[in-house]
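Heads up, the thing below is written out as structure tokens.
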Amino acid sequence: MLFCLMRAPGSSTELPATSSLITPSHRRNHLKLDLGISSSSSLSAAIQLSKLAERSPLNCIWIREALNTQRDIFTVTSIILLETSRIKVGIGITSPLVRNISTIARAAATLSQIGRGRFRLGLGVGGLQSLVKLGLDAARPSALMRDAATLLKRIWRGETVTFTSDRFCLSNYYARYKAGFATPIYFGVRGSRLLALAGEIADGVILSGPKRYMEKAVAAVDQGLKRRRRRMKSFRFIVWVPTVIVDKKSDLYLAREAVATVLADTPEAVLEMADIAQERVKPIKAMMAEKGVKRASRLVADDLLDEVAVHGSPEQVALDLNSLEKYRVDEAIFGPPYGREPAKAIGKMVQAWKKLK
Amino acid sequence: MEKAKIDFGIGLNAYETVEEIVGKCIEAERLGLDYVWIGDSPPHLYCPSIAAAVASRTKKIRIGLGLLSPLLHTPDQISGSKISLTEAYGDRFEICLGVGDRSQLSRVGVDTKLAKVWEHVLKAKRKIVRSLRSSGATTKIWLGAQGPRMLAVSKSFDGVLMNYASPMMIKWAIDKVKPVAQKDFDFGIYAPSYVYRKWRPQAYRLLCIASAVVTLGAPKAILDEFGLGKRLQRAKEEHEAGARIESVVRYVPNEVVDNFSIYTPSSKLSSYLRELGDLGISHVVFGFPQNLSKVTIRDLANALPNR
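In order, the protein sequence lines correspond to chains A and B.
Start counting the first sequence at 84; every next residue gets the next number (the working numbering).
Start counting the second sequence at 138; every next residue gets the next number (the working numbering).
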């Protein structure tokens, strides 16, 4: 699990309070719990979980775009926004490589209107494996993300935009709709340059990766935050890692599968930042490509499991997620895979969270 | 040709707020219209999301998505939208595919000068059908067509929505498609419209602009077929030079506009629709600016037969 070092017998459940990133103004006990779902879930399940989240103290529902699924992320997100009225709903994430930038701009503007300001747009280069399958080139990701975010903001401001790069081409383009509500952009990125870019131009960042990577990732974002002309008080750090409520030891297979999936898609630079030797992950990646997730999950060693996923009893998972606060994390996303029975696992997690808070 | 029962729909251009669009769709349903068609174009809001908002607030009116351009959206994105909508709101959705507004598409970097663009649209349709079938869904897929090439392709679709209103042009198109189309194939039109009880200059001006957009986007073959090409020369030159459509419209002759739009006082709509029915048209979508306000939608609905 992500912060399982704190769960070691006899150890404190607190992280060492030595991080230079903790500012005096940082509020204690402010970390909010979000719910993560995937666009690959059946829509009825997604709606059921969303309604559950709406009734609970959860803060936001994040919907991950699964490119291999038969659902359109923007349509699914519209439906979730229409089925809820209080909770924030975000896409976490979509890639500017898979849709025309004008389409992302108008889809996001539509969702912001539908949600009356509850929508958040997560933007990232995309999962490495998915991009390869689609034949998309993720070269020069910093330029891609900078241009994408800049263009979105210009379009939403109602500017007439002319811009040409190897990825984008707009010529005298302007939106005829009025954006209406502001759409915050959250970068779901991993390399240090991209993280710094998130700090520089995004409204927040969705971090995902191994535990040791997180500390360095937050520091990288801070570099970007320092480059801002104006101080960004509302910038939000969000962490999304696989979380699993484990009732029985056998439930750990869920966590192992999630970790295998995450590791297979983790860039070498991120593994390096997390001090995880490439050699440990290569067999998992190879098995994933050759035989699929079930077989790959068998290669996930216990320490890697603990490093990448948050798992345990509801109380333990709540405690571990809450401990992220010490890194200035504002929101932690619960799930998937949640547990053997997702709805029950979410219910238990919400109860544990209420007790903790 | 046998007389077809005609379904009536209103086309909505999604540049108003979601709330305004939904309000008009609720009114269209209340007035007994059969369809609302939500347009999709780069400068407008996102059609599938609008469709979701409309479906969530209406009960039975059928909702058309499109025209959706496979040059802008992948087949997976189109089928993914339809699958998601059907899962959430039932089988009330239809799709219209087509090349789309070339001028707007080129502004967002889409290459509309692809060789055999019709082949691209056809391949997308087949992929969408495969994807829908694999998820257990089906849908009616229309083709938005004007010129001879796209009309020829339309036989592989469930129906064709033609982008003109003149009975002469419609007959020409039907004569091309009918002999090769399947038995249950539907012929429809989707044209800029202004059916009025009380004439309003603002609505008429918008009709001229909408018709000019359609006219200037029409394939050369069809303009030449009906002797319209030369008369549009000046307008085309100005438009291609980057002039806004609002300033180009004065170079588009009224009689050219008439061929591409439904423009009639409400008292004369029935006779026009009878003519369409006699030609075999079974679907009529009244496009912009008929959707200008709930009043203009009501004027239309009150003029429709048997409502």
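Cβ coordinates follow ideal geometry from the N, Cα and C atoms, glycine included.
Asked	Found
Close Cβ partners of residue 139 of chain A (< 6 Å) along its chain, the five nearest in sequence each way excluded	433
Proximity test, Cβ basis, 8 Å: residue 309 of chain B and chain A	no
Expected contact under 8 Å - CB spacing of residue 385 of chain B and residue 372 of chain B to nearest Å	5 Å
The region 255-279 of chain A: positions lying closer than 9 Å to chain B by Cβ	255, 256, 257, 258, 259, 260, 261, 263
Cβ-based contacts, 8 Å cut-off: residues of the region 245-274 of chain B near chain A	245, 246, 247, 268, 271, 272
Helix, strand or coil at residue 183 of chain A according to DSSP, with G and I counted as helix	coil
When B:178, B:143, B:142 are compared against residue 149 of chain B, the one with the closest alpha-carbon	B:178
Interface residues of the region 162-177 of chain A facing chain B [CB-CB below 9 Å]	162, 164, 165, 166
The region 240-251 of chain B touching the region 177-196 of chain A, judged by at least three CB pairs closer than 8 Å	yes
Which listed residue (B:268, B:285, B:266, B:305) has its alpha carbon closest to that of residue 80 of chain B	Because chain B in this structure spans residues 138 to 444, residue 80 of chain B falls outside the shown range and cannot be described.
CB-CB length for residue 290 of chain A against residue 321 of chain A, believed under 8 Å	7 Å
Burial state of residue 394 of chain B (16 or more Cβ within 10 Å)	buried
Residue span of the beta strand (DSSP E) that contains residue 326 of chain B, given as start and end	323-333
Given residue 169 of chain B as reference, the closest of B:354, B:196, B:222, B:413 once Cα atoms are compared	B:196
For residue 428 of chain B and residue 252 of chain A, the rounded distance between their alpha carbons	32 Å
Selected residue, minimal CA-CA separation from residue 415 of chain B, among B:295, B:308, B:167	B:308
Distance CB(residue 350 of chain A)-CB(residue 271 of chain A) smaller than 8 Å	no
Whole-angstrom C-beta distance between residue 257 of chain A and residue 192 of chain A, which should lie under 8 Å	Their Cβ separation, rounded to whole angstroms, is 13 Å, which puts residue 192 of chain A and residue 257 of chain A out of contact at 8 Å.
Cβ pair count under 8 Å reaching 3, the region 231-239 of chain B against the region 200-219 of chain B	yes
Residue environment, residue 400 of chain A, which counts as buried when at least 16 other CB atoms sit within 10 Å	buried
is_contact[residue 218 of chain B, chain A] using C-beta, thresh 8 Å	yes
Proximity test, residue 323 of chain A beta-carbon vs the ligand PLP heavy atom, cut-off 7 Å	The ligand PLP is not part of the structure shown, which contains no ligands of any sort.
Anticipated Cβ contact below 8 Å, residue 147 of chain B with residue 434 of chain B, distance rounded	6 Å
Cutoff 8 Å: residue 214 of chain B Cβ touching any chain A Cβ	yes
Contacts of residue 155 of chain B in chain A (Cβ-Cβ under 7 Å)	193, 196, 197
Those residues which DSSP pairs with residue 203 of chain A across a bridge	A:173
Where residue 385 of chain A sits in the DSSP three-state scheme	helix
Straight-line gap, residue 276 of chain A to residue 224 of chain A (C-alpha atoms, nearest Å)	9 Å
Contact with chain A by residue 224 of chain B, beta-carbon distance below 8 Å	yes
Neighbouring residues, chain B, relative to residue 185 of chain A (Cβ below 7 Å)	179, 245
With 16 other Cβ atoms within 10 Å as the buried cut-off, status of residue 291 of chain B	buried
Check whether residue 327 of chain A and residue 421 of chain A have beta carbons under 8 Å apart	yes
Contact set for residue 436 of chain B: own chain, Cβ-Cβ below 7 Å, skip 5 residues either direction	332, 333, 334, 403
Nearest candidate by alpha-carbon position, reference residue 392 of chain B, set B:338, B:190, B:316, B:301	B:301
Nearest neighbour of residue 315 of chain B, chosen from B:295, B:422, B:212 [CA to CA]	B:295
Cutoff 6 Å; reference residue 91 of chain A; Cβ partners in own chain excluding five residues on either side	For residue 91 of chain A, the predicted model reports a pLDDT of 33, less than 50, meaning its position is unreliable; a value from the coordinates is still stated below. There are no such residues.
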